[in-house]
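Here our numbering is used: position 96 in the sequence shown is 77, and no number is missing along the way.
C-beta atoms are modelled at their ideal positions from N, C-alpha and C, and glycine is treated no differently.
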Amino acid sequence: MFTVLAALSATGAAMVAMVISGSAGIVAAERLTPAGLVLAGLLPSLLLLAQLLRLEAVWIPYSQAMTTPLRGRTPQQVRRVKHGFIEFFVYLSASLAGLCVVAYASSASGWVGPLPLRIAGEETRLIHLIGFLACFVAAFVPLLMGVYRQARLEAAQRPGDAKGQMLRSDVVSEFSFWTSFILIAGLVLLAWAAAGGKFEMKEDFGVFITFVVLMVFFAIILSPHLMRVVNNWRERREEDDAALGNLRVNGVAALTPGVLVSRLDSILVRLVAPLSGATQHGAVWFTPHLLVLIVILPLSALGFVLAPPWGLIPIGMAMLIAVALGRRWAWVEEDRETASRLRTTRGSEIHVGFDNDLKDEALLGYASLFILVPLALHQLQGWTESFAFDERYSTHNAFFDWLRFFGAELAKAVPFVDWWEIYNVDIQTPYDATTSENPLAKHLTFAARAMVDLVIMAALFQAIGLWQRSRADRKFYKVGHLDVFDPFTEAAFFENGMRYDRKAGELVPKSRFRKLVQQHVDERKKLSWDQNPYNPRRLSELVHSENPDVKAGARWMVGHYEVLVGTPIEQLRQLAQLLADNADTKLRRSLDDRSFARRQKLELERILQELRDDIDGFGQADVPYVVAALEAIRSVPEFTYAQLQAVQLLRQRPSPRATHALFKLIMQKRHFETVDGREMWDLFKAELGSDASIFLDQFQSRMDVLHALREHGNFYFANGDRHMLREVIELVDWMGQDTGAKYGTKGDKSKVVRELAREIESELRALLRF
């Protein structure tokens, strides 16, 4: 429905204009006809309305797909998420291109002009200019609304304390802010003083620069120690205030400069950077790159054809998008480092995720500055005429003239390669700042050079550093010192290691990949570390990856190396099966090599402890997994402590199955040969899926079981389950019998255990009287 309304709205303006125009047309010699005025007013408005209606039609299924877990998404929802808002970038690019045509036609002659639109020069009409800029802003409104709603949705889906928070306040610390502020202010002050001739120090300038550089190094060295002193002072002050009972108002503190800059940076990252299209997906890998180009190029063209200074608006917008894209890349790299340390891509500390590393797109945005800066200088020159102009060196093409000027300044600004002055290179450009009487020209030239040093070169060095770090990580994995990569290196690792086998009809590991993983396992074995091919916690996530290569590679590792993955319950089920499969071989018969038993002992202890720490995740349906594991490890000496942990786990979570599992731990084979015992045997087999004895040989362990049964009995009494309470009482009474007169065989073989059983039976039987 929304799509139909959008189509009707898009054609509505043209139809109205055609009806009104008649034979007069829409453009007269000097002005717009009434039909032209209607078209100029209605067409942008109805096109905007059409896009907004289309946005609503896209947003409803998109939001539903985004709120659906990955495993539960339908093919239609997967396609909807993949397509995202791509079509709105096409609308934006077409709108900007149309504005370029209008701006060009308003000042040039030809088949498209001139149009009676006065947006520049002495004949500028304010209403025309306001209307044109309003159309420019309106072109971004639909896409910006979609990006904002997406950011709100992503914030609502974040876990933990970060749920619902779209703006961060921890990006820039107060110390970093003031340090940067002082440095930038110092540079600005020096530039202003130099341009105004406020000081002269030709002879001692080198000494002064050396002194400044040394001070910067000393400041960096001393800053951590200074911050430690400041933090200690703040702690003492807070303690003094608390002792005096003073109350502080935190509303003002929340708007400190560091917090304010952090929130502005969050706006750039979450709202402005997605306007570049770099966060979108598509049918081909270069879709984000293409979207960046179809946004930046029309803005650049519009900045060139608009008369000064109005071209600075689209140029400034393009620069803002490029910088925001670089900032989002920085956030992605921060998440990348966090994921490497936490060994997971989930959690409240992951801020923007890993859908795209944005390296290529960010570098593409920075590369666009090589076009945008000359265009900005062209606009500023037309506005201020601050640069000196020599027509002898001009190509009579404004864009190429400014490109030559900026390229020359770029060569002077490249760090460590100051060949310009060393080799006395003389390249003549039509514009010059040194001979200009206006200090603004020098300031603009200085800013252009600083941008190259501080922004572009830093981005290039960061990209090279990331490549080197990825190489180092692969080396450390090969020698066994690293068991998990960052998300992007990880994807490349599996994609390069898997291939499609036509005979098998599935993805299989390459031989080189098998050798690399096996070498990793062998090296970790030499180091006496776990012999997992990859971090188990991370593999638990990768086996459900959307990337087919990553998913297939992770599942191959899990199956081939018997890695335990998933939730603690899933790992317990896998380990119980693994122990059962090796109960008569690696666990008991392998006397020379006990490494398997020791390794699985540690795994079982870890899993049981995790279940005890999060007892709510352990239910009655999970008890058979504990019983299966206890059955496999019975009489294996390495697992004594694991048996104790299993008893404590069953003790913490009373249920009929848990109680019956505890029964099995203290009943011997002779108990099951009686009439009552055979009934219990059948019940245990049906409930717990096991008919084997798991009697605990050590009497101290059986005493722990009795203490657990005491708590179960108290639990059943508190919850009014008298049937289960009687079952516990009868079993404990049996275990306390010294003879077989009552139940056909005596109770526990240990006197100490029988005495404890009689004591517990007396306590629980007293509860039945209430």
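Boundaries (first-last residue) of the beta strand (DSSP E) holding residue i
i, result
"residue 622", "Unbroken run through residue 622 is the alpha helix (DSSP H), 621 to 633; no beta strand (DSSP E)."
"residue 488", "487 to 490"
Simplified DSSP state of residue i, which is helix, strand or coil
i, result
"residue 147", "coil"
"residue 267", "coil"
"residue 413", "strand"
"residue 369", "strand"
"residue 87", "coil"
"residue 349", "helix"
"residue 233", "Caution applies to residue 233, whose pLDDT of 42 falls short of 50 and renders its modelled position unreliable; the value that the coordinates give is listed next. Note: residue 233 maps to helix in three-state DSSP."
"residue 566", "helix"
"residue 663", "helix"
"residue 242", "helix"
"residue 92", "With a pLDDT of only 47 at residue 92, under 50, the local geometry of the prediction cannot be trusted, and the value read off the model is given with reservation. If DSSP states are grouped into helix, strand and coil, residue 92 belongs with coil."
"residue 330", "coil"
"residue 719", "coil"
"residue 364", "helix"
"residue 213", "helix"
"residue 600", "coil"
"residue 510", "coil"
Cβ pair residue i, residue j closer than 9 Å
i, j, result
"residue 478", "residue 540", "no"
"residue 511", "residue 580", "yes"
"residue 320", "residue 335", "yes"
"residue 720", "residue 727", "yes"
"residue 422", "residue 389", "no"
"residue 339", "residue 309", "yes"
"residue 685", "residue 625", "yes"
"residue 350", "residue 436", "yes"
"residue 128", "residue 251", "yes"
"residue 639", "residue 704", "no"
"residue 100", "residue 287", "yes"
"residue 354", "residue 387", "yes"
"residue 596", "residue 630", "yes"
"residue 140", "residue 327", "yes"
"residue 40", "residue 133", "no"
"residue 258", "residue 273", "yes"
"residue 696", "residue 618", "no"
Nearest-angstrom Cβ-Cβ length linking residue i and residue j, presumed shorter than 8 Å
i, j, result
"residue 676", "residue 648", "7 Å"
"residue 289", "residue 363", "3 Å"
"residue 410", "residue 374", "6 Å"
"residue 669", "residue 641", "7 Å"
"residue 522", "residue 549", "Between residue 549 and residue 522 the Cβ distance is about 15 Å, and since that is not below 8 Å, they are no contact."
"residue 516", "residue 465", "4 Å"
"residue 124", "residue 70", "7 Å"
"residue 627", "residue 607", "5 Å"
"residue 645", "residue 665", "6 Å"
The alpha helix (DSSP H) enclosing residue i, as first and last residue numbers
i, result
"residue 481", "First-last for residue 481: 479 to 482, but that is the beta strand (DSSP E), not the alpha helix (DSSP H)."
"residue 650", "650 to 653"
"residue 772", "Only positions -18 to 751 of the chain appear in this structure, which leaves residue 772 out of reach."
"residue 529", "529 to 542"
"residue 423", "420 to 432"
"residue 547", "That residue, residue 547, is in no alpha helix (DSSP H); it is neither H nor E in DSSP."
"residue 693", "680 to 699"
"residue 129", "107 to 137"
"residue 704", "703 to 716"
"residue 152", "From DSSP, residue 152 is part of no alpha helix (DSSP H); its letter is neither H nor E."
"residue 436", "Element bounds for residue 436: n/a, residue is neither H nor E."
"residue 316", "293 to 323"
"residue 58", "56 to 64"
"residue 521", "517 to 523"
"residue 591", "576 to 594"
"residue 743", "732 to 748"
"residue 377", "From DSSP, residue 377 is part of no alpha helix (DSSP H); its letter is neither H nor E."
"residue 640", "637 to 647"
Near the ligand ZN: residue i beta-carbon under 8 Å from a heavy atom
i, result
"residue 119", "Among the ligands in the structure shown, none appear at all, so the ligand ZN cannot be discussed."
Residue i at chain C interface by Cβ criterion, 9 Å
i, result
"residue 170", "Absent from the structure: chain C. Only one protein chain is present."
Practice task
Report yes or no: do three or more beta-carbon pairs, one from the segment 483 to 500 and one from the segment 529 to 541, lie closer than 8 Å?
Solution key: yes
Exercise for the section: Please confirm if the segment 52 to 68 is in contact with the segment 144 to 157, defined as three or more CB-CB distances below 8 Å between the two stretches. Expected result: no
Practice task
Kindly confirm or deny that the segment 555 to 567 and the segment 494 to 514 touch, where touching means at least three C-beta pairs closer than 8 Å.
Solution key: no
Handout entry: Given 8 Å, three or more beta-carbon pairs between the segment 109 to 128 and the segment 76 to 84
Key = yes
Problem - Cβ contact (3+ pairs, closer than 8 Å) linking the segment 313 to 329 and the segment 459 to 479 - result: yes
Problem - Given 8 Å, three or more beta-carbon pairs between the segment 684 to 700 and the segment 732 to 748 - result: yes
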